[in-house]
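The next block holds one structure in the form of structure tokens; read it before the comments.
Residue numbers (the working numbering): 536 to 682.
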């Protein structure tokens, strides 16, 4: 007899991403029966989400989430952690990596910009010094223009 695993898919959109993942997993485990009749698209209220997660506990389900809303995703993660619910967040870990990369790229750009400005500033000072040297008639004139 094949073992049945109940799957809940939760999304704040259609939920196509979780369905694609589930199809790939089902192909890898032909000896299991995946009960995927619990699909919850367009979830955008925390109360709805928590009701669904309560039901998932009763059904001993695995929850696959593609919630983009970070507040809802955090609420689902916390609920699942506290209640020992099998929960897979497909979106937010990737979003966190992207945010970190964006911040690092922004910092790299800022460092590049600061170095670039500093180089321009240094070149300007050198050019100014050179012009003072060229226009000064005596050393005394040069130092009075420079200082």
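Even glycine gets a Cβ: it sits at the ideal position worked out from N, Cα and C.
These numbers were taken from a predicted model, which means no experiment stands behind them.
Residue 540 places its beta carbon 7 angstroms or farther from that of residue 575.
Here residue 570 carries a strand assignment [DSSP, helix/strand/coil]. Shown here, residue 593 sits in a helix according to DSSP, grouped into three states. Contact between the segment 581–591 and the segment 559–568 is absent: fewer than three C-beta pairs spanning the two stretches fall below 8 angstroms. The residue among 604, 597, 554, 571 with its C-alpha nearest the C-alpha of residue 578 is 604. Within the DSSP secondary-structure output, residue 582 pairs in no beta bridge. Approximately 12 angstroms separates the beta-carbon atoms of residue 545 and residue 571; this is outside 8 angstroms, ruling out the contact.
Bounds of the alpha helix (DSSP H) holding residue 553 are 551–563. At the C-beta level, residue 610 and residue 600 stay beyond 7 angstroms of one another.
In this structure, the straight-line span from the alpha carbon of residue 619 to that of residue 595 is close to 10 angstroms.
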